[in-house]
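S.K.: For the sequence shown, the residue numbers in our numbering are 2 to 229. Beta carbons: idealized from backbone N, C-alpha and C, even for Gly. Here it is: the structure, laid out below.
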Amino acid sequence: MRLTIWLHEARRAGPAALLAPPAALLFAAAIAIFIRATDGSRDQAQTLLLAGLEAITPLAVAMVALTIVTRENCRELHLSLPTPHLATIGRRLGVLGAVTAVLCLAHTAAVAVAGYRTGPGGVASLLVWAAPTLWLAGFAALVATVTRSAVLASSAVALVWIGEQVWASVFVGSPLLRPLFLFFTSRVGDGPGWAANRVGLLAGGLLLLTVTAAVLSRPERLLSEEDA
2 MRLTIWLHEA RRAGPAALLA PPAALLFAAA IAIFIRATDG SRDQAQTLLL
52 AGLEAITPLA VAMVALTIVT RENCRELHLS LPTPHLATIG RRLGVLGAVT
102 AVLCLAHTAA VAVAGYRTGP GGVASLLVWA APTLWLAGFA ALVATVTRSA
152 VLASSAVALV WIGEQVWASV FVGSPLLRPL FLFFTSRVGD GPGWAANRVG
202 LLAGGLLLLT VTAAVLSRPE RLLSEEDA
């Protein structure tokens, strides 16, 4: 029964939940391969492979996450069902998270076998992609829940992502902003300050998801005047 529910939610999450993470990683890998095939430097290819994990995949996952939250229009029906709306959305986001985790682990392993480095080794390597993905997806889900607009939520996510790319030096140089910098590994490395940055992103991501869950758990928040 549980497996049936999860398979149903995987279908309801939409094709993007299954296709966006691999597409992001394959895009980065394809560019890295092209760079090497055209006599580009190994360092450039390695940077692209790292960016696939730390920058491109989190953006793709965040865009899918906000779509999952905003695409559900039958709110009145959900309020009449025994399964809370929060549980439904949570399972769909869980499917997205599981797919992302499996693919990022496979990508990291393949890159390591190929002789490239994408951050620290061991368990810490999980934080290269998990921390920025959790934070950006949590931010996307919260904005989507509050605004109920895919356009506004995607715009907010894009502004944050582009803003951190453009003003990377500002984020790195500020003690207040450094814990929120998504691209620390690819821009600075995994030396001093890396662990604190990853912990900050994880804590922030969990907080954003907690607030999102609190909003989704309020039935009166799910209905607008038009729904009522």
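Take every Cβ of the segment 178-192, pair it with every Cβ of the segment 124-137, and state whether three or more of those distances are shorter than 8 Å.
M.R.: Yes, the segment 178-192 is in contact with the segment 124-137.
S.K.: Would you list, in sequence order, the uninterrupted alpha helix (DSSP H) runs of no fewer than 4 residues that lie entirely inside the segment 127-208?
M.R.: Runs of the alpha helix (DSSP H) inside the segment 127-208: 127-148, 151-167, 169-174, 185-188.
S.K.: Secondary structure at Ala115, three-state DSSP: helix, strand or coil?
M.R.: The sequence position of residue 115 within the sequence shown is 114, counting from 1. Coil at Ala115, not helix or strand.
S.K.: Output the boundary residues of the alpha helix (DSSP H) element that contains Pro16.
M.R.: Stepping through the sequence shown from its first residue, residue 16 is reached at position 15. Start and end: 16-38.
S.K.: Is the Cβ-Cβ distance between Asp191 and Gly116 less than 7 Å?
M.R.: Locating residue 191 in the sequence shown gives position 190, counting from the first residue. Locating residue 116 in the sequence shown gives position 115, counting from the first residue. Contact flag unset, no.
S.K.: Is DSSP giving Arg219 helix, strand or coil here?
M.R.: Start at 1 with the first residue of the sequence shown, and residue 219 comes out as number 218. Residue state, collapsed to three classes: coil.
S.K.: Can you name the start and end residues of the alpha helix (DSSP H) that Ile57 belongs to?
M.R.: For the purposes of this step, residue 57 is taken as the residue at position 56 of the sequence shown. Where Ile57 is concerned, there is no enclosing alpha helix (DSSP H), given that its DSSP letter is neither H nor E.
S.K.: What did DSSP end up calling Gly120 once you bin it into helix, strand or coil?
M.R.: For the purposes of this step, residue 120 is taken as residue 119 along the sequence shown, with counting starting at 1. Looking at Gly120 - three-state DSSP - the assignment turns out to be coil, as it is neither helix nor strand.
S.K.: Considering only C-alpha positions, which residue in the set Ser126, Arg179, Val103, Gly201 is nearest to Ala113?
M.R.: Locating residue 113 in the sequence shown gives position 112, counting from the first residue. Checked all of Ser126, Arg179, Val103, Gly201; the closest Cα to Ala113 is Ser126.
S.K.: Alpha carbon to alpha carbon, how far is Leu94 from Ala229? Give it in angstroms, no decimals.
M.R.: In the sequence shown, residue 229 corresponds to position 228, counting from 1. In the sequence shown, residue 94 corresponds to position 93, counting from 1. The predicted position of Ala229 is uncertain, since its pLDDT is 44 and thus under 50; a value taken from the coordinates is nonetheless stated next. So the two alpha carbons sit approximately 26 Å from each other.
S.K.: From Ile1 to Leu60, what distance separates their C-alpha atoms?
M.R.: The first residue shown for the chain is 2 and the last is 229, placing residue 1 beyond what the model contains.
S.K.: Between the segment 61-73 and the segment 91-109, do three or more beta carbon pairs fall short of 8 Å?
M.R.: Contact between the segment 61-73 and the segment 91-109 is present, because at least three Cβ pairs lie under 8 Å.
S.K.: Taking only the alpha-carbon atoms, compute the straight-line gap between Ile32 and Thr101 and give it to the nearest angstrom.
M.R.: The residue given as residue 32 occupies position 31 in the sequence shown. The residue given as residue 101 occupies position 100 in the sequence shown. Looking at the two C-alpha atoms, the distance is approximately 20 Å.
S.K.: So, helix, strand or coil for Thr213, using DSSP?
M.R.: Within the sequence shown, the letter at position 212 stands for residue 213. It is helical.
S.K.: Any contact between the segment 143-157 and the segment 19-38? By contact I mean 3 or more CB pairs, one from each, below 8 Å.
M.R.: The segment 143-157, when compared against the segment 19-38, does not touch it at the 8 Å Cβ threshold.
S.K.: Would Leu104 pass as a contact of Pro193 if the rule is Cβ separation under 7 Å?
M.R.: The count along the sequence shown starts at 1 and reaches residue 104 at position 103. The count along the sequence shown starts at 1 and reaches residue 193 at position 192. Cβ distance not < 7 Å, so Leu104 and Pro193 don't count as in contact.
S.K.: Could you have a look at Gly98 and say whether DSSP puts it in helix, strand or coil?
M.R.: Here residue 98 refers to the residue found at position 97 when the sequence shown is read from its first residue. If DSSP states are grouped into helix, strand and coil, Gly98 belongs with the helices.
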